[in-house]
Amino acid sequence: MSQNNFMAKKKLKIQFKRHDIKAPPKDSINDLVNLYKAAEDESNFIDSEKRFFHEETDPLKKIIEKKRAHKKKALWVGLLTTLLILAGTAFAGFLYFSGHRTFNSETLKLSIIGPEKAKLGETIEYQIKYVNSGTVSLEEAKMNLQLPHGFILEKSDPAIVNRQINLNTLTINSTGYVTLSGHYMDNLEHEQKLTTTLYFVPSNFSSEFTDETSFNTLLELPQMDFSLNYPASITLGQKFNLNIESQNNSPIQFENTKVEVTYPAGYEFLSSNPKINDENNVWPIAKMMPNSKEKEIQIAGSFKADLTFENEAERERPFKIQVLALGVNDQYYVLSEKEIVIKISDQPLQAYLIVNGSTDNKNVSLGKILTYSLVIKNTGDNDFENLLAKVIIKSAPVDLVDWEKIVDNNFGQIESDETGKVIVWTGADIPKLETLEAKKDVTINFSIPLKSLNQLKTVNAEDLSDTKIESISEIYINPGAETSPLPVKSNPLTLSLNSNINLETKALYYYTDGTPLGMGPFPPEVDQTTQLHVFWDLSNDLHEMKDIKIESTLPKYITLVGTPNVTIGQFNFDEESNTLKWEIATLPKTIKEAGCNFVVEFTPTDKQQGKFLQLTGNTTLTAKDALTNDTIVKTKNILTTALEQDEFVTGEGLIK
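Residue numbers for the sequence shown follow the numbering used here, beginning at 2 and rising by one.
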């Protein structure tokens, strides 16, 4: 390499270093351009020299490109940094918003309180409770109600408009109630489900939330019964009567009710009392009052004379008797029903047995009297001679009948056999049994009392609880004759024993050991306040009892003091009506006794001087026997300041 070339290259190298190290002059860009052009003129160098030159001068190009890339990179970095800052701000805002704008659905509690069981026609109440225990108010609140299928709404507080109640705003830590009262009238099989849905918007949200709850109630028939009289058997074409007396044994008043009878095939309706207009099987009743009997309905009819029977079962014809009430959708629903069977016989001699005014099965109580009537009818055209009548009475596993006190003016003979006791009458006792003329009848009456609980105190309680009394009559034609036909049998009757639930009431000033219970003067004095203790004592041995209610009233001048004490159940006092009520849902037969006591006080006036003061009105016990399904009603007389049950008070109690 020549010296000139070497010096030129060295010069270039020195200038490159100066440019790279020191700050460029004002026209440094032009110098760099010129320098780049001078470098390109060395392209005729050998490859190694070109490579060397290129390697030394290429960084200039790279510097320019790096500057441009740096600017682009700075731009992108700035843009990315800005986006990151915005995103971070947004995320921080989201976190802040999330921490200060939340709603926990568990802070709203919606519940329904109501009866698990309800009788048809009974007024009941549902209470819907809503609680906002959260930290935000709930706005635009409204409650949607889906009433049970058979529920007839009587009152709502607040009022329902189009199945909805506007609640407006539920403030923080607030509680509210919606009360629905009404009654059911529906088929027992229908599901009765009250569903309530609450719609609301939390104050820190713009969207709507909901909460829902429901409550089911099981329907039961009210306490109703029939007293029925009808023949056990009749002949074709024979006119007979079916007597129906409906009984409302419940404390409920029913309106728009009717008695409806469904007749069997082949039956012909002839007449009735009371008369009916269009239909021959419906008797309307405008109102059925509580604990009352309706007027007896007497239906006359017969079976067609041309009826034929393929088998013995076709001779039995069922009648269905129903009490119905108007309910939802203008339909009638069953309150009570019973089915009886009358047998069509070829035998013109007929018999039917009546106990306590009914040919139907009944429930009875210990110590009561059973009044029997045996009716024997000759519906044929010929006389019957030499008749023998039997009434068979079987009481098992315990004989409840006090046979020593039977009253029978016809002096039938009492016999014993494997089925029980039998009372037998012949023509020697009753002349009409010697010859019963065509189209005539004879009635045999007698009565027998049931033993008291005191007479049965040594008997096992379980045996006593399961005891039933079964009765049937048999009429023999020419008994003992070789060709004597089979006896004519009456309708069978089964009497079930009700539990022996009982109520005793008393007012005391002194306890049984002579310790004073009351306060103030006794005998009471004018313008002086006296306090007395009232006791309600309940006893029961045989069966479980349900729906027990004991009620009484206080006169206006008597005040209830303090809280009554009960061993079971609940006590309520209605200040408006001065009504006392002790209620027990279920009393197992293992609980033999239950009690309630309370304190009353009074201040006699001048007008009451020299008189006994009434402390309570009549006290009524109503209870349902869980085994027999019978409703037992017992009433005790008023209590007065005479304090008849207080052994330490003698001839006192008049106001001084």
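Ideal Cβ placement from N, Cα and C applies to all residues, glycine included.
Neighbourhood of residue i by C-beta distance below 6 Å, restricted to the same chain and skipping five residues each side
i      : result
Gly428 : Leu434, Glu435
Pro159 : Ile166
Lys657 : Pro524, Glu526
Val202 : Glu140, Glu141, Glu209
Val342 : Glu317, Pro319
Val423 : Lys391, Ile393, Glu416
Gly183 : Phe152, Ile153, Leu154, Glu155
Length of the line joining the Cα atoms of residue i and residue j
i      : j      : result
Tyr185 : Ile253 : 12 Å
Asp361 : Pro232 : 11 Å
Leu659 : Phe206 : With the chain covering 2 to 657 only, the question about residue 659 has no answer from this structure.
Lys259 : Lys118 : 25 Å
Leu388 : Glu475 : 10 Å
Ala142 : Tyr131 : 11 Å
Glu416 : Thr372 : 19 Å
Lys276 : Ser540 : 46 Å
Thr218 : Gly115 : 8 Å
Leu622 : Cys597 : 13 Å
Asp442 : Ala397 : 32 Å
Glu577 : Leu616 : 17 Å
Asn410 : Pro450 : 15 Å
Gln456 : Val402 : 11 Å
Ser157 : Thr180 : 6 Å
Tyr333 : Phe320 : 19 Å
Thr197 : Met144 : 7 Å
Glu545 : Ile551 : 17 Å
Ser134 : Ser175 : 7 Å
Leu354 : Asn281 : 28 Å
Glu653 : Ala643 : 6 Å
Lys590 : Leu350 : 46 Å
Ile445 : Ile470 : 20 Å
Leu628 : Glu594 : 19 Å
Glu295 : Asn230 : 15 Å
Ser228 : Leu498 : 17 Å
Ser553 : Phe599 : 13 Å
Pro565 : Trp426 : 59 Å
Nearest candidate by alpha-carbon position, reference residue i, set the options
i      : options                        : result
Gln239 : Ala306, Glu221, Ser208, Ser273 : Ala306
Ser366 : Leu222, Ser500, Val335, Asn387 : Ser500
Asp548 : Asn541, Lys625, Ile445, Asn503 : Lys625
Ala314 : Glu297, Ser346, Val324         : Ser346
Gly515 : Glu438, Gln646, Ala627, Ser448 : Gln646
Ala439 : Ala352, Val202, Asn379, Glu246 : Asn379
Ser273 : Leu543, Trp284, Leu451         : Trp284
Phe385 : Ser485, Asn357, Glu419         : Ser485
Thr506 : Asp538, Pro522, Asn217         : Asp538
Ser472 : Lys593, Pro159, Pro493         : Pro493
Met290 : Asn282, Thr263, Phe255         : Phe255
Arg318 : Glu269, Pro349, Gly328, Ala352 : Glu269
Asn188 : Thr197, Ile245, Ala326, Ser138 : Ala326
Leu139 : Thr83, Ile161, Thr211          : Thr211
Gln299 : Ile322, Lys288, Thr309, Leu308 : Ile322
Asn479 : Pro149, Val329, Ala390         : Ala390
Leu555 : Asn163, Thr620, Gly519         : Thr620
Val376 : Val356, Lys363, Gly183         : Val356
Glu297 : Leu243, Ile173, Ser234, Pro565 : Leu243
Phe216 : Pro589, Glu192, Gln529, Thr468 : Glu192
Per DSSP, cross-strand counterpart(s) of residue i
i      : result
Gln147 : Thr196
Asn169 : Ala142
Pro159 : The partner list for Pro159 (beta bridge, DSSP) is empty, contrary to what the question assumes.
Ala508 : Val535
Trp426 : Ala390
Trp583 : Ile551, Phe572
Lys490 : Glu475
Pro517 : Tyr511
Tyr178 : Lys130
Leu588 : Met546
Heavy atom of the ligand GTP within 8 Å of residue i beta-carbon
i      : result
Leu389 : The ligand GTP is absent from the structure shown, which contains no ligands of any kind.
Close-in-space but distant-in-sequence residues of the same chain around residue i (CB under 7 Å, 5 per side omitted)
i      : result
Asn250 : Gln224, Met225, Asp226, Asn292, Thr632
Val324 : Met225, Ser247, Thr258, Val260, Leu336, Ser337
Leu271 : Lys240, Ala301, Gly302, Ser303
Ser453 : Leu367, Gly368
Sequence-distant residues of its chain with Cβ nearer than 8 Å to residue i (five each side left out)
i      : result
Gly100 : For Gly100, the predicted structure reports a pLDDT of 45, less than 50, and the residue's modelled location is therefore unreliable. A value from the coordinates is still provided. Answer for Gly100: no residue qualifies.
Handout entry: Length-filtered (4 minimum) alpha helix (DSSP H) runs lying within the segment 231-300
Key = none
Exercise for the section: Just list the beta strand (DSSP E) runs in the segment 623-655, keeping only unbroken ones of 3 residues or longer that don't cross its boundaries, in chain order. Expected result: 632-637
Practice task
Could you name each continuous alpha helix (DSSP H) segment of 4 residues or more that falls completely within the segment 328-404, going from the start of the chain to the end?
Solution key: none
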